[in-house]
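**Student:** In this text, residue positions in the sequence shown follow the numbering used here: the first is 21, and each later residue adds one.
First the structure, which I've put down as structure tokens, then a few questions once you've had a look.
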Amino acid sequence: AAARVDSGGDLWDDGVATQPRTIYHALHRTFDELRALLPQLAAAGFDAVQLPPAQVSPPGNLMSEWYLRYQPLRYGAVDPLLGGEASLEELCTAASLLGMQVIADCVFNHGAVVASKAEWEAAQSDAKLLEELKCRLDRAFAPELSREDFQWPWVCLEGGRWDDPEYTYEGWGCGEWSELRFCEHVVQVHIDHLQRLLRCGVRGFRLDAAKHMRPAHVKRYVDFLHREGAFVYAEVLSMDRSVHAQYEALGDGLQAVRSTDYILAKQLRDACRSPSHSSESPPLLARLAAISNGALGPQAVRFVRSHDTALNGGPAICGIDWSSAEDAKLAWAYLLAAPEGSVLLYEEDAAVPIVQRAVAFRRALAQQAALLSTDCKQAGDCV
21 AAARVDSGGD
31 LWDDGVATQP
41 RTIYHALHRT
51 FDELRALLPQ
61 LAAAGFDAVQ
71 LPPAQVSPPG
81 NLMSEWYLRY
91 QPLRYGAVDP
101 LLGGEASLEE
111 LCTAASLLGM
121 QVIADCVFNH
131 GAVVASKAEW
141 EAAQSDAKLL
151 EELKCRLDRA
161 FAPELSREDF
171 QWPWVCLEGG
181 RWDDPEYTYE
191 GWGCGEWSEL
201 RFCEHVVQVH
211 IDHLQRLLRC
221 GVRGFRLDAA
231 KHMRPAHVKR
241 YVDFLHREGA
251 FVYAEVLSMD
261 RSVHAQYEAL
271 GDGLQAVRST
281 DYILAKQLRD
291 ACRSPSHSSE
301 SPPLLARLAA
311 ISNGALGPQA
321 VRFVRSHDTA
331 LNGGPAICGI
341 DWSSAEDAKL
351 AWAYLLAAPE
361 GSVLLYEEDA
371 AVPIVQRAVA
381 FRRALAQQAA
391 LLSTDCKQAG
401 DCV
């Protein structure tokens, strides 16, 4: 297939969507708002945009109630609150003309909250209340899903259980995320959602909360998307390299599955902490240079602050406790100066001037690499 080329590389390689270079995470924008911003983003050096989850969710403010995007109600439509299918298709067309990839964020582990942790706990010893809560599930998710599509028995997933294999796959997050059961009906509902997004022109996919789905189950979605030639990466919120490896193993070569490098993000945060006043403390650049290519290797999806670490109201996730986008600017500049992998840049951080210059520098690196590769091929000197 002929490659569509942007100013830094190919969007396609043998019919497969290539791994993007720098991704703008537009969590708080409708499709029309993002479409209007695309020329500016392309000029700034971004070659991909990541959308808020597109399924129908409870209505809410995209800025202050962003978390509602991660509470699916129905997968059979693109949420009109974001602009609907027509708006998404227009966004994808505009992005393609600019050489940019559109990445959808897919929430398949769980559905919307219908009851609090306290209610679910009380229902474990109250059959009448349990039936009432299951009726809530039926009402909230009809006609696509019913109580039979959720995980029973209810188990609260919190604290040390988040990473415990006995609980992490089937537990209800925070005791209230409506945990979906892996069954053919649920999988088909999700596949239909993926097909809808593909028809609109989406060619990249993030699988949210992948760590809470068994790798064999995630593979169903990965295999489908790879048959469609899509780029796929998994959100694996873990500091354990072996956990990431289980999901990276779901693809290879041009169709590798990339993971989110929380380990590198923590290393960057630690390196940028104010050192002691000891004369033996190395300078910041030396501390950054001491970081390896990242625990997940050079092709992972990398970040300094993600929306989860920036917006989480509780304890710092994985110890990634930046106080603001401004606080994280030097770590962003360092990360963006390396040409490897994908960098996922949360939109608040993308507004910081130093970070903007680093994005432009990263694009310039890609342009130079592309020119060098072309010159080598023409001269017959490639090795």
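Even glycine gets a Cβ: it sits at the ideal position worked out from N, Cα and C.
1. So, with DSSP's three-state summary, where would you put Arg-223?
2. Going straight from the alpha carbon of Gln-387 to that of Phe-251, what length do you get?
3. Which runs of the alpha helix (DSSP H) fall wholly inside the region 144 to 223 and span at least 4 residues, in chain order?
4. Please confirm whether Ala-230 and Tyr-267 have their CB atoms less than 8 Å apart.
5. Whole-angstrom Cβ separation of Leu-153 and Ala-143, contact assumed at under 8 Å?
6. Quick one: what does DSSP say Ala-135 is sitting in, helix, strand or coil?
7. So, helix, strand or coil for Phe-48, using DSSP?
8. Of all the options Ser-116, Asp-212, Ser-326, which has the alpha carbon lying nearest to the alpha carbon of Phe-244?
9. Would you mind stating whether Ala-371 and Tyr-44 have Cβ atoms separated by less than 8 Å?
10. Are the CB atoms of Pro-78 and Arg-47 within a distance shorter than 8 Å?
11. Whose C-beta lies closer than 7 Å to the C-beta of Tyr-282 among residues of the same chain, with five residues either side of it excluded?
12. How is Ser-362 classed by DSSP in three states: helix, strand or coil?
13. Who are the Cβ neighbours of Met-233 in its own chain at under 6 Å, not counting the five residues just before and after it?
14. As an exercise, report each continuous beta strand (DSSP E) stretch of at least 3 residues that is fully enclosed by the region 38 to 115, in chain order.
15. Using the C-alpha atoms, what's the distance from Gly-317 back to Gly-179?
16. If contacts are defined as beta-carbon pairs under 8 Å, then Glu-151 and Gly-195 qualify, I think. What distance do you get, rounded to the angstrom?
17. If you draw a straight line from the alpha carbon of Pro-13 to that of Asp-328, how long is it in whole angstroms?
18. Near Ala-310, what residues of its chain come up, given a Cβ to Cβ distance below 8 Å and the 5 sequence neighbours on each side ignored?
19. Secondary structure at Ile-123, three-state DSSP: helix, strand or coil?
20. Determine the burial state of Arg-24: buried for a count of at least 16 other Cβ atoms within 10 Å of its Cβ, exposed for fewer.
**Tutor:** This is what the structure holds:
1. Sequence index remark: in the sequence shown, residue 223 carries index 203 (1-based). Here Arg-223 sits in coil by DSSP.
2. Start at 1 with the first residue of the sequence shown, and residue 387 comes out as number 367. Start at 1 with the first residue of the sequence shown, and residue 251 comes out as number 231. Rounded to the nearest angstrom, the gap between the Cα atoms of Gln-387 and Phe-251 is 21 Å.
3. Runs of the alpha helix (DSSP H) inside the region 144 to 223: 147 to 161, 204 to 220.
4. By 1-based counting over the sequence shown, the position of residue 230 is 210. By 1-based counting over the sequence shown, the position of residue 267 is 247. In contact: Ala-230 and Tyr-267 (Cβ atoms closer than 8 Å).
5. Along the sequence shown, read from residue 1 onward, the residue named residue 153 stands at position 133. Along the sequence shown, read from residue 1 onward, the residue named residue 143 stands at position 123. Contact between Leu-153 and Ala-143 holds, with the beta-carbon distance rounding to 5 Å and staying under 8 Å.
6. Here residue 135 corresponds to residue number 115 of the sequence shown, with the count starting at 1. Three-state result, Ala-135: coil.
7. Counting from 1 along the sequence shown, the entry for residue 48 is found at position 28. Just to set this straight, residue 48 is His in the shown sequence, not Phe. Looking at His-48 - three-state DSSP - the assignment turns out to be coil, as it is neither helix nor strand.
8. Against the sequence shown, residue 244 aligns to sequence position 224. Of Ser-116, Asp-212, Ser-326, the residue nearest in Cα terms is Asp-212.
9. What you label residue 371 is simply residue 351 of the sequence shown in a count that begins at 1. What you label residue 44 is simply residue 24 of the sequence shown in a count that begins at 1. Contact: no.
10. One-based indexing of the sequence shown puts residue 47 at position 27. One-based indexing of the sequence shown puts residue 78 at position 58. Strictly speaking, residue 47 in this sequence is Leu, with Arg absent from that position. Against a cut-off of 8 Å, the Cβ pair of Pro-78 and Leu-47 comes out as no contact.
11. One-based indexing of the sequence shown puts residue 282 at position 262. Only residues of its own chain outside the window of five on either side were considered, and among them Leu-257, Ser-258, Met-259, Cys-338 have a CB closer than 7 Å to the CB of Tyr-282, listed in chain order.
12. As a position in the sequence shown, residue 362 is number 342, starting the count at 1. Strand.
13. Within the sequence shown, the letter at position 213 stands for residue 233. Hits under 6 Å: Asn-129.
14. Counting only runs of 3 or more, we get 42 to 45, 68 to 70.
15. In the sequence shown, the residue the question calls residue 179 occupies position 159. In the sequence shown, the residue the question calls residue 317 occupies position 297. Rounded to whole angstroms, Gly-179 to Gly-317 spans 29 Å at the Cα level.
16. Here residue 151 refers to the residue found at position 131 of the sequence shown. Here residue 195 refers to the residue found at position 175 of the sequence shown. Contact between Glu-151 and Gly-195 does not hold, since their C-beta atoms are separated by about 19 Å, which reaches or exceeds 8 Å.
17. Absent from the model: residue 13. The displayed extent of the chain is 21 to 403, so no value can be given.
18. As a first step, residue 310 must be located in the sequence shown, where it is residue number 290. Excluding positions up to five away in sequence, the list reads Ala-291, Pro-302.
19. Counting from one through the sequence shown, the residue named residue 123 turns up at place 103. The DSSP-derived three-state label of Ile-123 is strand.
20. Within the sequence shown, residue 24 is the residue found at index 4, counting from 1. Because Arg-24 carries a pLDDT of 36, less than 50, the predicted location of this residue cannot be relied on, and the following value inherits that uncertainty. Result: exposed.
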